[in-house]
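Q:
Residue numbers (our numbering): 28 to 276.
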């Protein structure tokens with residue numbers, strides 16, 4: 028067994044969390060390493076905030092302090108900075124939702140002490156000004172994400188740019204942010220064509236039971252598809268301005 032330090036430390040923590048007392052020799056055998064390395068990995072866990080108790084002597088042994096059941100979060104300090112800053116961005120785009128704030132609170136509750144300090148510092152130092160554009164519901168994004176991940180379909184009520192309501196059955200492909208608005212790219216089953224939809228104009232969204240074979244996206248990228256007027260501009264022709272407009276109904 029040849030584990031990198033992070034994987035080895037995570038494996039050590041998993042063994043200790045299984046309960047009881049482990050001798051240094053047993054841990055070294057399970058990890059495929061030396062007793063000296065086990066000592067170093069146990070110290071690394073302590074630096075991350077986990078209470079690893081050691082019984083010294085010839086038969087040295089290790090155990091995790093009773094009550095320590097939190098799953099390991101072996102992030103680096105810079106990874107925590109990225110997570111907290113990202114949650115601030117989400118909170119600015121979802122001002123009427125509490126999900127980003129509650130996620131920050133839960134992150135603070137499960138991080139080891141040194142990383143908790145970095146998270147608190149990043150939270151204090153970061154402010155994202157209110158973003159332009161319409162408000163998006165986290166639940167809408169979640170239903171779309173689940174359908175994309177499962178290759179499923181969704182149904183929703185939609186009001187287009189002219190105020191006309193309709194019910195849509197689509198195969199979602201991606202949602203994206205552009206020019207201050209969130210959009211969904213999806214294959215419209217009833218219209219047999221690809222469409223873009225403003226997320227803030229979607230209501231009554233729900234997943235459709237069943238599994239389907241999704242239509243392949245017709246372009247190399249969403250960016251290229253948009254800047255070629257939804258694939259209608261031929262190579263070499265003048266391209267329209269890169270602004271998202273909903274294709275005709």
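Glycine included, C-beta positions come from ideal geometry on N, C-alpha and C.
If you're wondering where the values come from, they're calculated on a predicted model, not measured in any experiment.
Does residue 124 come out as helix, strand or coil in the three-state DSSP assignment?
A: DSSP places residue 124 in coil when its eight states are reduced to three.
Q: Per DSSP, residue 202 forms a beta bridge with which residues?
A: Paired residues: 211.
Q: Decide if residue 238 is buried, meaning its Cβ has at least 16 other Cβ atoms within 10 Å, or exposed.
A: Classification for residue 238: exposed.
Q: Spell out a yes or no on whether the region 67-85 and the region 136-155 are touching, meaning 3 or more CB-CB pairs, one atom from each, closer than 8 angstroms.
A: Because the criterion of three Cβ pairs below 8 angstroms is met, the region 67-85 and the region 136-155 touch.
Q: Roughly how many whole angstroms lie between the Cα atoms of residue 124 and residue 81?
A: Looking at the two C-alpha atoms, the distance is approximately 45 angstroms.
Q: With the cut-off set at 7 angstroms, would you say residue 224 and residue 204 are in Cβ contact?
A: Not a contact, by the Cβ cut-off of 7 angstroms.
Q: Whose C-beta lies closer than 7 angstroms to the C-beta of residue 146 among residues of the same chain, with five residues either side of it excluded?
A: The residues are 107, 111, 134, 135, 138.
Q: What residues in its chain sit with their C-beta under 7 angstroms from that of residue 122, if we drop five residues either side in the sequence?
A: Cβ neighbours of residue 122 beyond the five flanking positions: 157, 162.
Q: Hey, which unbroken runs of the beta strand (DSSP E) at 3 residues or more fall wholly within the region 67-94?
A: Runs of the beta strand (DSSP E) inside the region 67-94: 79-82, 88-91.
Q: Three-state secondary structure (DSSP) at residue 220?
A: If DSSP states are grouped into helix, strand and coil, residue 220 belongs with the strands.
Q: Are there three or more Cβ pairs, one per stretch, closer than 8 angstroms when the region 191-203 is compared with the region 167-181?
A: These segments touch.
Q: Taking its Cβ as the centre, do 16 or more other Cβ atoms sit within 10 Å of residue 206, making it buried, or is it exposed?
A: It is exposed - the Cβ of residue 206 has fewer than 16 other Cβ atoms within 10 Å.
Q: Rounded to the nearest angstrom, how far is the Cβ of residue 86 from that of residue 50, given a contact under 8 angstroms?
A: The pair is a contact, with the Cβ atoms about 6 angstroms apart (cut-off 8 angstroms).
Q: Among 164, 183, 192, which residue has its Cα nearest to the Cα of residue 213?
A: The option with the nearest alpha carbon to residue 213 is 183.
Q: Which whole runs of the alpha helix (DSSP H) in the region 121-197 are 4 residues long or more, in chain order?
A: Segments of the alpha helix (DSSP H) lying fully in the region 121-197: 126-137, 140-152, 165-177.
Q: Looking at C-alpha atoms only, which residue of 219, 234, 150, 155 is the closest neighbour of residue 172?
A: Checking every option, the nearest Cα to that of residue 172 belongs to 234.
Q: Smallest Cα separation from residue 226: which of 254, 256, 188, 240?
A: The shortest Cα separation from residue 226 among 254, 256, 188, 240 belongs to 188.
Q: Rounded to a whole number of angstroms, what is the C-alpha to C-alpha distance between residue 267 and residue 256?
A: At residue 267 the pLDDT is 47, less than 50, meaning the model places this residue with poor confidence; the figure from the coordinates comes in the next sentence. Answer to the nearest angstrom: the Cα atoms are 7 angstroms apart.
Q: Tell me which residues share the same chain as residue 115 and place their Cβ nearer than 8 angstroms to its Cβ, disregarding the 5 neighbours each side in the sequence.
A: The residues are 127, 150, 153, 154, 155.
Q: In angstroms with no decimal places, state the Cα-to-Cα distance between residue 103 and residue 44.
A: Each residue's alpha carbon lies about 21 angstroms from the other.
Q: Between which residues of its own chain and residue 272 is the CB-CB distance below 6 angstroms, once the five residues before and five after are set aside?
A: At residue 272, the pLDDT of 49 sits below 50, so the modelled position is not reliable; the number obtained from the coordinates is stated separately. So no residue of the chain qualifies.
Q: DSSP three-state label for residue 50, please.
A: The answer is strand: DSSP assigns residue 50 an E or B state.
Q: Compute the Euclidean distance between the alpha carbons of residue 31 and residue 143, then round it to the nearest angstrom.
A: Each residue's alpha carbon lies about 25 angstroms from the other.
Q: Ordered along the chain, which non-local residues of its own chain (more than five positions away) have a Cβ less than 8 angstroms from that of residue 73?
A: Only 79 meet the Cβ criterion.
Q: Helix, strand or coil: how does DSSP classify residue 270 here?
A: Low local confidence applies: a pLDDT of 46 at residue 270 is under 50, so the model's placement there is unreliable, with the coordinate-based value given in what follows. DSSP places residue 270 in coil when its eight states are reduced to three.
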